[in-house]
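For the sequence shown, counting from 1, position 15 maps to 24 in our numbering; every step adds exactly one.
Just so you know, even glycine gets a beta-carbon here, dropped at the ideal spot from N, CA and C.
These notes are about the structure you will find just below.
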Amino acid sequence: MKYKVIEYLNYSKLDKLERLYFDLAIVAILSFISFLTLVFEFFVYNEILVFFRDYFLMFIFFIIGIIGLFDTLKGIRKRKEILKKVVRNID
10 MKYKVIEYLN
20 YSKLDKLERL
30 YFDLAIVAIL
40 SFISFLTLVF
50 EFFVYNEILV
60 FFRDYFLMFI
70 FFIIGIIGLF
80 DTLKGIRKRK
90 EILKKVVRNI
100 D
(Lines of atoms letter the chains of each structure in order from A and count residues from 1; the text may use other names and numbers.)
(Lines give C-alpha, C1' and ligand atoms only; values in the text may rest on other atoms or scores of the structure.)
Protein backbone atom coordinates (compact mmCIF):
# COMPACT_ATOMS: atom_id res chain seq x y z
CA MET A 1 0.00 0.00 0.00
CA LYS A 2 1.48 3.33 -1.08
CA TYR A 3 0.99 6.51 0.85
CA LYS A 4 0.12 9.71 -0.98
CA VAL A 5 2.60 11.70 1.13
CA ILE A 6 5.51 9.60 -0.10
CA GLU A 7 4.53 10.31 -3.70
CA TYR A 8 4.70 14.06 -3.07
CA LEU A 9 8.17 13.78 -1.55
CA ASN A 10 9.56 12.87 -4.99
CA TYR A 11 10.34 16.46 -5.91
CA SER A 12 11.36 15.71 -9.50
CA LYS A 13 7.89 14.39 -10.40
CA LEU A 14 6.06 17.50 -9.21
CA ASP A 15 4.98 20.17 -11.67
CA LYS A 16 5.94 23.82 -11.18
CA LEU A 17 2.93 24.84 -9.08
CA GLU A 18 3.19 21.77 -6.83
CA ARG A 19 6.89 22.51 -6.31
CA LEU A 20 6.05 26.04 -5.24
CA TYR A 21 3.45 24.76 -2.77
CA PHE A 22 5.94 22.19 -1.45
CA ASP A 23 8.56 24.93 -1.01
CA LEU A 24 5.96 27.09 0.69
CA ALA A 25 5.14 24.34 3.18
CA ILE A 26 8.81 23.72 4.01
CA VAL A 27 9.61 27.42 4.41
CA ALA A 28 6.50 27.99 6.54
CA ILE A 29 7.38 25.09 8.84
CA LEU A 30 10.99 26.20 9.26
CA SER A 31 9.99 29.83 9.85
CA PHE A 32 7.41 28.77 12.42
CA ILE A 33 9.93 26.60 14.28
CA SER A 34 12.51 29.38 14.38
CA PHE A 35 9.80 31.84 15.49
CA LEU A 36 8.71 29.57 18.34
CA THR A 37 12.33 29.14 19.42
CA LEU A 38 12.86 32.89 19.38
CA VAL A 39 9.69 33.58 21.36
CA PHE A 40 10.47 30.91 23.96
CA GLU A 41 14.02 32.08 24.46
CA PHE A 42 12.94 35.72 24.57
CA PHE A 43 10.79 35.01 27.62
CA VAL A 44 13.62 33.07 29.31
CA TYR A 45 16.14 35.91 28.98
CA ASN A 46 15.75 38.97 31.17
CA GLU A 47 17.82 41.34 29.08
CA ILE A 48 17.04 42.00 25.46
CA LEU A 49 20.65 42.75 24.51
CA VAL A 50 21.82 39.36 25.78
CA PHE A 51 18.97 37.74 23.86
CA PHE A 52 19.95 39.41 20.58
CA ARG A 53 23.62 38.61 21.14
CA ASP A 54 22.94 34.91 21.73
CA TYR A 55 20.20 34.41 19.15
CA PHE A 56 21.30 36.73 16.36
CA LEU A 57 21.87 33.84 13.95
CA MET A 58 18.42 32.36 14.67
CA PHE A 59 16.92 35.80 14.07
CA ILE A 60 18.70 35.98 10.70
CA PHE A 61 17.33 32.51 9.81
CA PHE A 62 13.85 33.71 10.71
CA ILE A 63 14.16 36.81 8.51
CA ILE A 64 15.48 34.71 5.60
CA GLY A 65 12.56 32.32 6.10
CA ILE A 66 10.02 35.14 6.01
CA ILE A 67 11.61 36.55 2.84
CA GLY A 68 11.51 33.07 1.29
CA LEU A 69 7.88 32.71 2.32
CA PHE A 70 6.82 35.91 0.58
CA ASP A 71 8.97 35.11 -2.47
CA THR A 72 7.33 31.69 -2.79
CA LEU A 73 3.87 33.23 -2.43
CA LYS A 74 4.75 35.72 -5.17
CA GLY A 75 5.85 32.83 -7.40
CA ILE A 76 2.61 30.96 -6.76
CA ARG A 77 0.58 34.07 -7.60
CA LYS A 78 2.50 34.63 -10.85
CA ARG A 79 2.17 30.97 -11.83
CA LYS A 80 -1.59 31.03 -11.24
CA GLU A 81 -1.93 34.21 -13.34
CA ILE A 82 0.00 32.55 -16.17
CA LEU A 83 -2.22 29.48 -15.96
CA LYS A 84 -5.37 31.66 -16.06
CA LYS A 85 -4.11 33.45 -19.19
CA VAL A 86 -3.32 30.15 -20.88
CA VAL A 87 -6.78 28.77 -20.06
CA ARG A 88 -8.44 31.94 -21.39
CA ASN A 89 -6.46 31.72 -24.64
CA ILE A 90 -7.44 28.08 -25.10
CA ASP A 91 -11.15 28.91 -24.72
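Among Ile42, Lys94, Lys89, which one has its Cα closest to the Cα of Gly74? Position 65 of the sequence shown, counting from 1, holds the residue named residue 74. Checked all of Ile42, Lys94, Lys89; the closest Cα to Gly74 is Ile42.
Option in Arg88, Met67, Glu27 with minimal Cα separation from Val8: The question about residue 8 has no answer here: the residues shown for the chain are numbered 10 through 100.
Span of the alpha helix (DSSP H) around Asp63: The count along the sequence shown starts at 1 and reaches residue 63 at position 54. Segment 57 to 63, the alpha helix (DSSP H) holding Asp63.
Note down the Cα distance separating Leu29 from Thr81, rounded to an integer number of angstroms. The sequence position of residue 29 within the sequence shown is 20, counting from 1. The sequence position of residue 81 within the sequence shown is 72, counting from 1. Going by the C-alpha atoms only, they are around 6 Å apart.
Put Asp101 into one of helix, strand or coil per three-state DSSP. Since the first residue of the chain shown is 10 and the last is 100, residue 101 is not available in this structure.
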